[in-house]
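Asks:
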Amino acid sequence: MRLTVFVIQIDCLSDSFLVDDKNLCLVCLDLPDHLMHKNQLQEHTQKLGLPAPVYRSTNEGFPHAPKFRSAVLVDGKEYVSKQMFSHKKEAEQEVAKYAFDCIMRRIKDERCKLIHQDIVFCKSILLEFATKMNLTPPRYTTPPSENQQPVFVSSLVFDGKNYTGEVAKSKKVAEQLAARSAIQSLLGSDAKTVLGDMIKAKRKLHDSLERDVSSSQQRTTNIPDPAVGFNSEGKTDFPSYHAKRRLEFKHGEQKRVRIIRN
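Counting from 1, one number per residue, gives the positions in the sequence shown under the UniProt record's numbering.
(1) Starting from the C-beta of Val54, find all residues in its chain whose C-beta is less than 6 Å away, skip the five residues before and the five after it, and write them out in chain order.
(2) Apply the 10 Å Cβ neighbour rule to Leu209 and answer buried if 16 or more other Cβ atoms are within range, or exposed otherwise.
(3) Comparing the CB of Asn134 with every heavy atom of the ligand SAH, is any distance shorter than 7 Å?
(4) Exposed or buried, which one is Ala168 when buried takes at least 16 other CB atoms within 10 Å?
(5) Output yes or no for whether 8 Å exceeds the beta carbon distance between Ser70 and Ser86.
(6) Within a Cβ cutoff of 6 Å, which residues of the same chain sit near Arg180, ignoring the five residues on either side of it in sequence?
(7) By a C-beta neighbour count over all protein chains shown, 10 Å radius and 16 as the cutoff for buried, is Val151 buried or exposed?
(8) For Met84 and Phe129, which I take to be in contact (beta-carbon distance under 8 Å), what is that distance rounded to the nearest angstrom?
(9) In whole angstroms, give me the CA-to-CA distance for Arg211 and Lys202.
(10) Three-state secondary structure (DSSP) at Ser124?
(11) Under 8 Å Cβ to Cβ from Gly196, same chain only, skipping five residues before and after it: list those, please.
(12) Would you kindly report the start and end of the unbroken beta strand (DSSP E) that includes Lys161?
(13) What is the residue span of the beta strand (DSSP E) that Val74 lies within?
(14) Mapping DSSP to helix, strand and coil, what is Ala201?
(15) Taking the alpha carbon of Ser170 as the reference point, which residue from Arg105, Val80, Pro143, Leu50 has its own alpha carbon closest?
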């Protein structure tokens, strides 16, 4: 008995699938790891809603002794294999692996950027991750140092592992640094996708808060200062006072002119 999946579009299938024309079903093959790199890259682009990778291979050898080097275009960026192979499919698998590794490193760097720029979200990210994965929340231990100037080094236990942060001047910051240490380690594990999505969401929140603060400061800066003058007693007055005095003076002049004419 085999599991079949009905196919609507079959023109975009990768090398790990066969199509049974009679039953119009999809049969998944158990391929070795070195033949799965193109599928891995394809799945990544589909998940992000990107166009499918486009491969280009050139023979840098001879017709009787070919040496293929492949390149792949992913999300507007081209990745070129550093190795050459005697078969085109091998070259494409190699460049797919190279491209996927480069993309994963870039994504990890981007996700780490927020937790390095601002550590205030680290504890909340780690706690949210523990809740989502049904794990025990991290336990922090932050003893103060015995130096004259107190410093703190926090460590935590999470999912059976110990993580230690950097030296900080306060207990609160020390715990955030310990959480950051755990997050950096987890980003190199199988949990990187789930944790990365949480960091991405926190980054959007962080950017939104920064925009709100910047907009508020801009509105405050653009408010004009009211013109300030002095009245006859030497006290400061605002434009409403001067406008009233000018109006009274104007009416007084008009009344005096009428008296003279009469």
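Built from N, CA and C at the ideal position, the CB exists for glycine as well.
Replies: Reading from the atomic positions:
(1) Leu73
(2) exposed
(3) This structure does not include the ligand SAH; it has no bound ligands of any sort.
(4) buried
(5) no
(6) Ile115, Ile119, Cys122
(7) exposed
(8) No, Met84 and Phe129 are not in contact; Cβ-Cβ is about 42 Å, not under 8 Å.
(9) 14 Å
(10) helix
(11) Ile107, Lys108, Arg111, Leu187
(12) 161-164
(13) 68-74
(14) helix
(15) Pro143
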